[in-house]
Amino acid sequence: MLYIKTVGAIFFRFTYGLTLYDGIYFCLRVHRSAGGSSVALLPFWRQCWQSAAEMIHSLFLINPTGDVFLEKHWKSVISRSVCDYFFEAREKAVTPENVAPVLQTPHHYLISIYRGKLFFLSVVQTEVSPLFVIEFLHRVADTFQDYFGECSETIINDNMVVVYELLEEMLDNGFPLATESSVLKELIKPPNILRSVVNTLTGGSNVGSSLPTSHLSTIPWRRNGVKYTHNEAYFDVIEEIDAIVDKSGMTVFAEIQGVVEACVRLSGMPDLTLSFVNPRLLDDVSFHPCVRFKRWESERVLSFIPPDGNFTLMTYHVSSQNLVSIPVYVKQNISFFDSGSSGRMDITVGPKQTMGKTVEGLSVTIHMPKSVLTVDLTATQGNYTYDLTAKVLVWDIGKLNPQKLPTLQGSLSIQAGVPKPVENPSLNIDLKIEQLAISGIKVSRLDLFGEKYKTFKGVKYVTKAGNFQVRT
Amino acid sequence: MQEWANQLCENRQFGSKMTDSKYFTTTKKGEIFELKAELNSDKKEKKKEAVKKVIASMTVGKDVSALFPDVVNCMQTDNLELKKLVYLYLMNYAKSQPDMAIMAVNTFVKDCEDPNPLIRALAVRTMGCIRVDKITEYLCEPLRKCLKDEDPYVRKTAAVCVAKLHDINAQLVEDQGFLDTLKDLISDSNPMVVANAVAALSEIAESHPNSNLLDLNPQTINKLLTALNECTEWGQIFILDCLANYTPRDDRESQSICERVTPRLSHANSAVVLSAVKVLMKFMEMLPKDLDYYGTLLKKLAPPLVTLLSAEPELQYVALRNINLIVQRRPEILKHEMKVFFVKYNDPIYVKLEKLDIMIRLASQANIAQVLAELKEYATEVDVDFVRKAVRAIGRCAIKVEQSAERCVSTLLDLIQTKVNYVVQEAIVVIKDIFRKYPNKYESVIATLCENLDSLDEPEARAAMIWIVGEYAERIDNADELLESFLEGFHDESTQVQLQLLTAIVKLFLKKPTETQELVQQVLSLATQDSDNPDLRDRGYIYWRLLSTDPVAAKEVVLAEKPLISEETDLIEPTLLEELICHIGTLASVYHKPPSAFVEGSRGVQHKRLPATANSGESVESPDASSAAAVADAPPAVIPSQGDLLGDLLNLDLTPTTTGPTPAVSTGIQMGAMDLLGGGLDSLLGGDLGGSPAMGAGFGAPPAAMPASFAAPVSGGGLDDLFDLGGGVGLPMGAYSPPKTVWVPAMKAKGLEISGTFARRAGVIQMEMTLSNKAMSVMTDFAIQFNRNSFGLAPAGPLQVLIPLSPNQSIEVTLPLNTVGPVMKMDPLSNLQVAVKNNIDVFYFSCQYPISILFVEDGKMERQVFLATWKDIPNENESQFQIKDCHLSSDAASSKLQGSNIFTIAKRTVDGQDMLYQSMKLSNGIWVLAELRVQAGNPNYTVSLKCRALEVSQCVFQSYEAVLKN
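Residue numbers (our numbering), protein chains in the order written: chain A, -7 to 464; chain B, 2 to 967.
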């Protein structure tokens, strides 16, 4: 930190009377040392060597117990001791979710993501775009997920060599090389039991030996020569409601995060057009690179040559308050008594704006104050569990019956001798409504151009609670 | 490791037979030996398995470099997988085995000719990753071919390889003409090749700041924009970042680029979105504000920024840091989007804190009710850091939106009633700021605050409370008791509290002089006598003098009208903000520091500037721009939001006394040192002893007897302190200081003119400079550095230019120097090479200092020693000089020289000729002895200098001449 404040960087041309050092640039760097700061002069070439601009220098994968179980260096090897700074931050952060994604160390920057209980920690040395790195790390995690079905320490260890080959293929000198699943799969075959057996018997290889066809085409997301006997294209419109509802039941904030997930298995080079009944709802959208933006701008239709298989076609965002319906209401009363180390709780959930559909998979999660020791409750429907260490109460309700509203009530016991809790516990609601996109968005039709075969098409809608919070 | 491997073995037993974990099973002692045998096996399959084992060991950080020759032997194979594995190994270990790596060269060269483009690309890629100098020579030819390969996959790989090679051997890349080839690739038919060429060139350009590598002109820009539509997401980022460096010729070009970039805002990759935002934010500056398109663009920017906030938390964090900048530059973009920044219960803490910051920035009269309701909600959350920041935010809202102040205060009072310790403390800190902003409005709450006095244990809260008590001493009946209670543990308090307590008690004394004399004496003696802290002592002495010399002035200074605090808090300084806007999406934007400030070795990074607005008339600026300009002109007193910052600035911020007294003191000092001891202090005392109720009268009274307790601190080290403060006014005669000369003309330093001189004042060597800004833009971030010099002169502190230097403004700066820097003999001896940096550039100049500034105060030699030394120094070390046209008497000359620490030891008069024997000592311990002959009626003096270091004589003589003639 010190060198930031003091010199910034002042550079000297040392024009010594004698000519020995003439013209050589020196750069001042102040090192942090235990005793204070000292100024070191580094000759230009050395500085230059260090300033080698690259994106991601190294990657470390760290498991929940804080061990590095994989390291990959795209340039010179950086000692894993650099992770100590990260562990320090991890220590301070209490929970792993709270570790800041960008950390500064004296010589490096550590940019990390937390995925599936693992930290993907990248080391960079120069000015980079942190979003670039974070996006890339998520892409790495996605690729593992895609290849191995999950992204866990065990599975990565089990496929160490493939993982290593993948990482090498995804990044070259800090530049992303091939991150499209379709391209990668042609370069490095995903493992499966059958091929492993065959490979072992025949000495075959899981590395593709020819250049992926789609690698350099303008549609890198699709390979050539795709063939299916059944041609099908399914779309899932999934909407998540993010909302904050205050004590009195007023909506403080609500928005919908929508996503259109596609599963397209079509032969050849199909060109699809997806149109909506009410595209006006969509004013804030992000598209998969395959979507032709110009057509969207002018005609409000999604025109694209799809990748093969599963992909996210589009995400969108509806924030206009009056378009966001809140499907359930919660009547709650949680109070703590001044004396007697106890409290009472009474929660009822009921339907609000469900558009005539049934609310399913309903559950309520309450983060209790630290001093709540045990709970003694009765639920008219479903079960509840109270995690004594995490102080989390989960009430699993299931299907919501409008005729008989579920309630959960009873008493809470508080640690004796502790002042009554000041913080208000917050409720998180989870729910699911099938066959409904709560924003009202509706697909009108899907047209196929460029290929002539019969296609099975389908659209499914589902609404879920995203970050749905009720304050008390 | 062993244990871990065993564990893996167990995993294996549980059935994962077909996985790579089997490669970990041979972690026995002779592992390397075994692997060696397997690598040299005849069976292909066995070889491959062995290489896999080696790679597996490598991934977990095990050292398998000993197997280098054996692995390299496996390289010549038709099996692509094996080849890839060997290449993986090579990249990792080539650096440590450079001689062995040469063995691989032939295979590489051969592979670069392979009919399969995949293999050609792989070979050239791997070769570039082997950071061994010897290999690079062999790499040139294959690379040249690959750059012109028919297959675009090979070309794009080769483009990146140029960047790698440049990193290893820049000269080689230039000599071989690879840079030109790379530039040609920008016009390649394949968009991916274009993107990689741009990326490679950008990377190379970063280490060559002044090279014209990325020579952007409308033609290349057009090519880039075309490639932008067709290349991969990562390529789009490279191209967008490159576009951001371009400055369009006019607003029309700017608009057309913006139009072609806006579709990127809908990309799924957030890094693409943010890079596009950067380009748009920058080019928008050039668009006339009345243009329809300008408004359209503003509207288009909001949704993508909002969308970034629904991404993964890590992405949200980076986005929020950048939004923070964008909101400061163009608040209109997100002014209606307040709600998306509302904090959710399960946001990670780093997201919560950032959201809170932006909420306050967006707070306005229109939405303040909502914001306050939210903040109150947050103040009851669990996370302490977050709660604190939320409480602080309430205070900031009160200051920002006047209409809400009352509601904020009552919210804060509610929070104080919760009695939650840290909430109370934060609330008190912010209430202090509210008092300052709206004086005489909310003082009724003081009573409630005082109730919580005992629970305050944090320095900042204590200091705030003490300030409140001092400021409103006249309304608090027991103010003296309250302050006295703090005084008991004075030395255990932090400096912040001590300083505040000192000021508060002085305020109290000035308001209620009768009852509090004892208290003020107590605190003054605690601050000056018993403290080691120079700040505290200095402030103590200043008050002491002030009270003793001129109580009316003291009142004017200490109880002066306080400057208003600004509405907007911790704004980023406008020039820095402009630079950061040009760096949206980078680490600089996350840390809110210019890239030159912190990225190691990024000395090449040039300061980027936003382009000028199309309608150059500054008066037709939008309100935000003009307010930014106003900030530049008069930096407001800003309330820092963060704890640490507040600690730093508290002195400046809370107590006008630290800024106020300096001029007042220097007038007081004119009275001379004796007066300090005599009149003033005693009069304070006199009032005390005599018990006179009218203090004003007491101050004028003649000195009474001086008790020992008062004499002690003043005559001790303290007096020197005061002289230091007075800037040497107390010396009988000033040392000679040459007039200022222009060191750097404005023409040579991009509009910065530096003139200056050197002086020695009160034993401190000073460099006195006038910095004049003759350029059109504001200058900031001044810093100075000296090259090594003959006497080790070095700045004793940073260059104190605290406010940005506006165009046509000059500033006087005094830089104290010391002589402990690195030493190197210069020619001429008193030559000094200086580098001055500002936000624009670094400027070098050299100047000469008079050697007299190095003559130290204890340079008077004992007579006997002088005689002995004079004899001791051989005659060849004596040099004689003539000083012509000097009309001083010998006594006048002597006293004049003494002012510059040239001391006369003895005087002899022989035949009407006065002989002055003089000595002086340089800061590095060199003694110079002199004989000055002055003949009445003869204007020519003769100086004979004797010194062991003959080189200094010439300089010393020059000093004689300069001192005597001025």
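C-beta atoms are modelled at their ideal positions from N, C-alpha and C, and glycine is treated no differently.
Residue burial annotation: S278 of chain A is buried, with at least 16 other C-beta atoms found within 10 angstroms of its C-beta. Inter-residue distance for V283 of chain A and L294 of chain A is about 6 Å (C-alpha atoms, whole angstroms). The Cβ atoms of N420 of chain A and T346 of chain A lie no closer than 8 Å to each other.
Taking C-beta separations shorter than 7 Å and ignoring five residues to either side along the sequence, the partners of P739 of chain B in its chain run T758, P851, A963, following chain order.
In its chain, beyond the 5 residues on either side, G541, Y544, W545 have a beta carbon closer than 7 Å to the beta carbon of L525 of chain B. Here DSSP, grouped into helix, strand and coil, assigns P343 of chain A to strand. Cβ-Cβ distances below 6 Å link K741 of chain B to S756, G757, T758 in the same chain, with the five nearest sequence neighbours on each side left out; the list follows chain order.
For H65 of chain A, the enclosing beta strand (DSSP E) starts and ends at 60 to 65.
According to DSSP, M337 of chain A shares a beta bridge with A:I326, A:G402. Put simply, the backbone Cα of V154 of chain A is about 14 Å away from that of T146 of chain A. Residues of chain B with a Cβ closer than 7 Å to the Cβ of D275 of chain A are, in chain order, P304. For H309 of chain A, DSSP records a beta bridge to A:Q249. Following the DSSP letters along the chain, one finds G900 of chain B inside the alpha helix (DSSP H) bounded by residues 891 to 900. Taking 8 Å as the CB threshold, C848 of chain B stays off the interface with chain A. Of the residues B:W235, B:T227, B:E175, the one whose Cα lies closest to the Cα of A170 of chain A is B:W235.
Looking at the backbone, the Cα of M921 of chain B and that of N902 of chain B are separated by about 7 Å. I573 of chain B and A133 of chain A have their C-alpha atoms some 36 Å from each other. Residues of chain B with a Cβ closer than 8 Å to the Cβ of T377 of chain A do not exist; the shortest Cβ-Cβ separation is about 19 Å. In the DSSP secondary-structure assignment, T243 of chain A is bridged to A:V237. When B:C887, B:L588, B:D912, B:R864 are compared, the shortest CA-CA separation from L930 of chain B is found for B:R864.
Counting only unbroken stretches of 4 or more residues, the alpha helix (DSSP H) elements lying wholly within the segment 118 to 148 of chain B are 118 to 130, 134 to 148, in sequence order. With respect to the C-alpha of A797 of chain B, the residue from B:P192, B:I785, B:L413, B:K433 having the closest C-alpha is B:I785. The beta carbon of R132 of chain B falls within 8 Å of a beta carbon belonging to chain A, placing the residue at that interface.
When DSSP states are grouped into helix, strand and coil, V843 of chain B belongs to the strand group. Scanning its chain for C-beta atoms nearer than 6 Å, with the 5 sequence neighbours on each side dropped, one finds around S271 of chain B the residues L309, A312, L316, in chain order. Remark: C-beta atoms of L404 of chain A and M306 of chain A do not approach each other more closely than 8 Å. P817 of chain B is bridged by DSSP to B:Q767. When rounded, the separation of the alpha-carbon atoms in V957 of chain B and Q883 of chain B is 13 Å. Residues of chain A with a Cβ closer than 9 Å to the Cβ of I56 of chain B are, in chain order, M152, V153, Y156, E157.
According to the DSSP secondary-structure assignment, G450 of chain A is paired through a beta bridge with A:Y226.
Among the residues of chain B, those whose CB is under 7 Å from the CB of P212 of chain A are T233, following chain order. The Cβ atoms of A67 of chain B and I33 of chain B lie closer than 8 Å to each other. Under the three-state reduction of DSSP, G390 of chain A is assigned to strand. Straight-line spacing of the CA atoms in K219 of chain A and L140 of chain B works out to 42 Å.
Comparing alpha-carbon positions, the option among B:L855, B:V843, B:G752, B:C948 lying closest to G793 of chain B turns out to be B:L855. Residue contact with chain B for D164 of chain A: present (Cβ-Cβ distance below 8 Å to some residue of chain B).
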